[in-house]
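Inspection log for the structure reproduced underneath, given as structure tokens.
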DNA sequence: AGTGTCATGTCAGTTACTGACATCACCTGC
DNA sequence: GCAGGTGATGTCAGTAACTGACATGACACT
């Protein structure tokens, strides 16, 4: 039986994540200590650091699944690199359904308010670009084109995501992403 | 007269920067404490933090001048956004003459070995993209195209820089950048 | 000489993060 | 049932990044 004592309540990671986002929203990231988050989740600071590599990471654990889905959307093969990238972008769009938009907005508002969190987000994007580059070269794309196509794909994704969570935006993620891609092709035509 | 006592030797920032890069190269970033850097520069830890906002920043102070030059290369006006971006890229190429390549390689080897430093570098690039976006909109480019063109420009720069500091690379920065840009245009044609 | 200014030194404190070891619920074999 | 193993958690001590408050000392100006 699960007691009410804090230890062994189960779902420690989720409790920590929820407590953290809640506190960040009300007190700000810098104004919240890890000890506070842990206490709010009925755990200790040490346990927090067993679940997350550092304080920032509590907002980025979903990143692993994100990268997996993104890569999973890559077609097995295609004639040109950008066709591969567009396939991955289409797959990623599935990760951002309408019902997730409010949560994404909340999370993004916290990140936008803090440099350290922006850095972490950029690192995740960069790591995604690296993984994409590897996947492209594995499909026969030369290294330079692969890196460029991957970076460009990430740029399209980031730009689209920023628009999607922007105040007042109504279009779906997929619609936005298609529009962004079309505009980029027009720019470089 | 400048005594030899450590205080008031002048050039504190530069001494700290040199000491830091030297120690990072031999002991690694994590293996070097701020106290060590300060001692090597004949200063105290507290003084280090008066010159640099944090430990990472000691490797990134040039970033401000970099951003300034990059923006300074922007033509006053042009018909399409990418022409503006290409102008800025040409200006930036002047910041990386051959004699700077060894130093850039050393610095980059330190950054490549450490996640925290990569994060900071990505933040600088992101901040450059934001500044570029602003400059483009100020020249009449619509917001979405400006953001996309700016991000793309930064991608071209980053890709080019990575090639330039790569082992065995002989081409000049400008040559590499032109090649990267041409390849990107081919990709999206 | 007197005075102000500015970079630096000194010191105490907070917080992120880590290693070592103890504890306690649960499960497993018997 | 009960002895022992396992894994998540707690406890504690320590390091290092970073900050605020205040002292100090060289220099410039008068």
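Protein chains in written order, with full-length UniProt numbering: chain A, 1 to 189; chain B, 1 to 189.
Beta carbons: idealized from backbone N, C-alpha and C, even for Gly.
Just so we're clear, the structure is a prediction, and the values are computed from it rather than from any experiment.
Burial state of residue i (16 or more Cβ within 10 Å)
| i | result |
| --- | --- |
| residue 99(B) | exposed |
| residue 15(B) | buried |
| residue 168(A) | exposed |
| residue 97(B) | exposed |
| residue 160(A) | buried |
| residue 153(B) | buried |
| residue 109(A) | exposed |
| residue 195(A) | Nothing can be reported for residue 195(A): it is not among the residues displayed for chain A, which extend from 1 to 189. |
| residue 45(B) | exposed |
| residue 68(A) | exposed |
| residue 133(A) | buried |
| residue 38(B) | buried |
| residue 50(A) | exposed |
| residue 112(A) | exposed |
| residue 129(B) | buried |
| residue 143(B) | exposed |
7 angstroms Cβ cutoff met for residue i and residue j
| i | j | result |
| --- | --- | --- |
| residue 74(A) | residue 88(A) | yes |
| residue 188(B) | residue 176(B) | no |
| residue 19(A) | residue 53(A) | no |
| residue 121(A) | residue 123(B) | no |
| residue 181(B) | residue 156(B) | yes |
| residue 21(A) | residue 32(A) | no |
| residue 137(A) | residue 131(A) | no |
| residue 48(A) | residue 61(A) | no |
Assigned secondary structure, residue i (DSSP; H/G/I helix, E/B strand, else coil)
| i | result |
| --- | --- |
| residue 81(A) | helix |
| residue 114(B) | coil |
| residue 60(B) | coil |
| residue 124(A) | helix |
| residue 15(B) | helix |
| residue 148(A) | helix |
| residue 3(B) | Low confidence applies to residue 3(B): its pLDDT is 37, below 50, so where it sits in the model is not reliable, and the reading given next is rough at best. Of the three classes helix, strand and coil, the one that applies to residue 3(B) here is coil, per DSSP. |
| residue 50(A) | helix |
| residue 165(A) | coil |
| residue 140(B) | coil |
| residue 174(B) | helix |
| residue 22(B) | helix |
| residue 184(A) | helix |
| residue 96(A) | coil |
| residue 74(A) | coil |
| residue 189(A) | coil |
| residue 42(A) | coil |
Of the residues the options, the one placed nearest residue i, counting alpha carbons only
| i | options | result |
| --- | --- | --- |
| residue 56(B) | 115(B), 134(B), 78(B) | 115(B) |
| residue 17(A) | 78(A), 103(A), 71(A), 157(A) | 103(A) |
| residue 105(A) | 25(A), 10(A), 72(A) | 25(A) |
| residue 174(B) | 40(B), 59(B), 94(B), 184(B) | 94(B) |
| residue 170(B) | 147(B), 101(B), 158(B) | 101(B) |
| residue 66(B) | 76(B), 119(B), 90(B) | 90(B) |
| residue 43(A) | 72(A), 10(A), 27(A) | 10(A) |
| residue 158(A) | 143(A), 178(A), 140(A), 139(A) | 178(A) |
Residue i beta carbon near the ligand HEM (any heavy atom closer than 6 angstroms)
| i | result |
| --- | --- |
| residue 137(A) | The ligand HEM is absent from the structure shown, which contains no ligands of any kind. |
Within 9 angstroms of chain A by C-beta, residues of the stretch 144-167 of chain B in sequence order: 144, 145, 147, 148, 149, 151, 152, 154, 155, 156, 158, 159, 162, 163
Positions along the stretch 127-142 of chain B whose CB lies within less than 8 angstroms of some CB in chain A: none
Near-chain B residues of the stretch 72-93 of chain A (beta-carbon distance less than 7 angstroms), N- to C-terminal order: Those would be 81, 82, in chain order.
Near-chain B residues of the UniProt domain "HTH tetR-type" (10-70) of chain A - C-beta to any C-beta below 8 angstroms: none
Proximal residues, the stretch 167-184 of chain A versus chain B, C-beta separation under 9 angstroms: 179, 180, 183, 184
Members of the stretch 90-122 of chain B that neighbour chain A once the beta carbon cut-off is set at 8 angstroms: 115, 118, 119, 120, 122
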